[in-house]
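Everything on this sheet refers to the single structure shown next.
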Amino acid sequence: MELYQLRSFLAVAQEGNLTRASEKLFASQPSVSAHIKALEDESGLRLFERLPTGMKLTAEGERLRGHALRILEAANHFRSAAQDLRRSVSGELVLAMNNQPKVLRMTQVLARLAREHPALSFRLVYASSGIVLEGIAEGTLAAGFFEGTCENPKIAVDHLGELELVIAAPKAWATELKRPDWKLLASKPWVFTTPACSYHRTMEKIAREHQWELNKRFGIDEEMTSLEMAADGLALTLTGTHVLEAHPRRSEVAAIPWFRERVPLNLGCLASRLQEPSVAAFREAVLGAWSRSGA
Numbered sequence: 001m002e003l004y005q006l007r008s009f010l011a012v013a014q015e016g017n018l019t020r021a022s023e024k025l026f027a028s029q030p031s032v033s034a035h036i037k038a039l040e041d042e043s044g045l046r047l048f049e050r051l052p053t054g055m056k057l058t059a060e061g062e063r064l065r066g067h068a069l070r071i072l073e074a075a076n077h078f079r080s081a082a083q084d085l086r087r088s089v090s091g092e093l094v095l096a097m098n099n100q101p102k103v104l105r106m107t108q109v110l111a112r113l114a115r116e117h118p119a120l121s122f123r124l125v126y127a128s129s130g131i132v133l134e135g136i137a138e139g140t141l142a143a144g145f146f147e148g149t150c151e152n153p154k155i156a157v158d159h160l161g162e163l164e165l166v167i168a169a170p171k172a173w174a175t176e177l178k179r180p181d182w183k184l185l186a187s188k189p190w191v192f193t194t195p196a197c198s199y200h201r202t203m204e205k206i207a208r209e210h211q212w213e214l215n216k217r218f219g220i221d222e223e224m225t226s227l228e229m230a231a232d233g234l235a236l237t238l239t240g241t242h243v244l245e246a247h248p249r250r251s252e253v254a255a256i257p258w259f260r261e262r263v264p265l266n267l268g269c270l271a272s273r274l275q276e277p278s279v280a281a282f283r284e285a286v287l288g289a290w291s292r293s294g295a
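Take 1 as the starting number for the sequence shown in our numbering and just add one per residue.
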C-alpha cells in the first residue's frame with residue numbers, strides 16, 4: 001500500500017468521478033484507476049460501486065475513508081517534522097580548543113550560538129593541535145582549533161589568523177641567551193607537551209633547519225606547567241606570546257629577544273560534515289567572530 005494510492009482513493013471518493021479525480025491529482029485516468037484496483041486487490045474489498053454516473057463508496061470504502069485520511073495526515077506531520085529537523089540546529093557538538101577561550105574568541109562564538117540556537121549544546125575539550133586533528137579525522141570531534149598545517153585532505157580548514165611564538169627561558173639564563181646562538185640552545189634542556197603539540201613540531205622543524213637536535217629532557221601534558229618549569233630554572237620551552245604574558249610567573253621567565261616565529265591558527269572539521277546544520281552554525285559563528293574582530 002502506497003501513499004499515492006490512498007490519495008487517489010480519497011480523490012475519487014470526494015469527486016465521485018474518475019475523470020475529475022485524475023484532473024485534481026494531475027495524473028492520468030488509467031493510473032488513478034490502477035491505484036484503486038491495487039488497493040482493492042490488497043485489501044480484498046470492493047471500495048467503490050461503479051455507476052453510470054460515476055463512482056460511489058461502498059460501505060466498506062466509507063469505513064476505510066477515515067483511516068486513509070488519518071494516514072495521510074500523519075504522513076504530512078512526519079514530513080513537516082523532518083523538514084523542521086533539517087532546518088533546526090540542535091543536539092550536542094563536541095568541540096576542541098587548543099588555546100585559551102579568550103584567544104580563540106569563544107565567548108563571542110558561544111554567545112551567538114546560545115542566542116540563535118537555544119536547542120544546541122556543547123561539550124568543550126582541550127587538546128594539542130595534533131590530537132585535535134586526529135579527533136576530527138576519527139569523527140570524535142565535530143570541529144576544533146589547531147595551529148600549523150593539516151595534511152589530511154578530508155579535513156576542511158579555515159585560516160583564522162596567526163599566533164606569535166617565543167622561546168621562554170629561565171630568567172637566570174637571559175644574559176647568556178641574549179645573542180643568537182643555536183649551539184647554546186642545543187645544549188640546553190627543553191620541556192614540551194606531547195609530540196603532537198604544534199609548538200613541539202615547530203621547534204623540531206627549526207632545529208632541523210639549523211642542523212641541531214633538541215635536548216628534550218622533560219615531557220608534560222599541560223602547557224602552563226612547561227612555563228612553571230622554565231620559571232623554576234629547569235628548561236627552555238616554546239610557547240605563545242599570549243600564553244607567556246598571561247602566566248602568573250611572567251616576571252621569572254625571559255623571552256629570548258632574537259627569536260620570533262609565527263604559526264597559523266585554523267579551524268578544522270571534516271569536509272563531509274560541512275553541511276550538517278550544527279557544524280555549519282558553529283563554523284559560521286567562528287568565522288563571524290574573527291571577521292568582526294580582525295585576524
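Yeah, the Cβ is synthetic: ideal placement off N, Cα and C, and Gly gets one too. Since this is a predicted model, take the numbers as computed values, not measurements.
Asked                                                                                                                : Found
Same chain, Cβ closer than 6 angstroms to V94, neighbours up to 5 away in sequence not counted                       : R123, L141 and A142
In chain order, each alpha helix (DSSP H) run of at least 4 residues that lies wholly inside the stretch 155-230     : 182-187 and 198-209
Sequence-distant residues of the same chain with beta carbon closer than 8 angstroms to L270, five excluded per side : I136, A137, G139, K154, I155 and A156
Residue burial classification, Y199 (beta-carbon count within 10 angstroms, cutoff 16)                               : buried
Span of the alpha helix (DSSP H), counted from its first residue to its last, around G233                            : Element bounds for G233: n/a, residue is neither H nor E.
Residues near K171 by beta carbon distance below 7 angstroms, same chain, minus five either side                     : E252, V253 and A254
Integer-rounded CB distance, given that V263 should sit under 8 angstroms from L163                                  : 6 angstroms
Sheet register partners of S121 (DSSP bridge)                                                                        : E92
Whole-Å CB distance - L177 paired with A168, under 8 angstroms assumed                                               : Contact doesn't hold; Cβ gap of about 11 angstroms is too wide.
Cβ separation of T58 and R46, assumed to be a contact under 8 angstroms, to the nearest whole Å                      : 6 angstroms
Which residues DSSP lists as bridging R50, in chain order                                                            : M55
Inter-stretch contact at 8 angstroms, needing at least 3 Cβ pairs: the stretch 3-23 / the stretch 46-56              : yes
Within 8 angstroms, strictly: CB atoms of N98 and E151                                                               : no
8 angstroms contact criterion, which A21 and A11 should meet: CB distance rounded                                    : 4 angstroms
Nearest to E60 (by Cα), restricted to the options L39, A75 and F78                                                   : L39
Exposure label - H117; buried when at least 16 CB within 10 Å                                                        : buried
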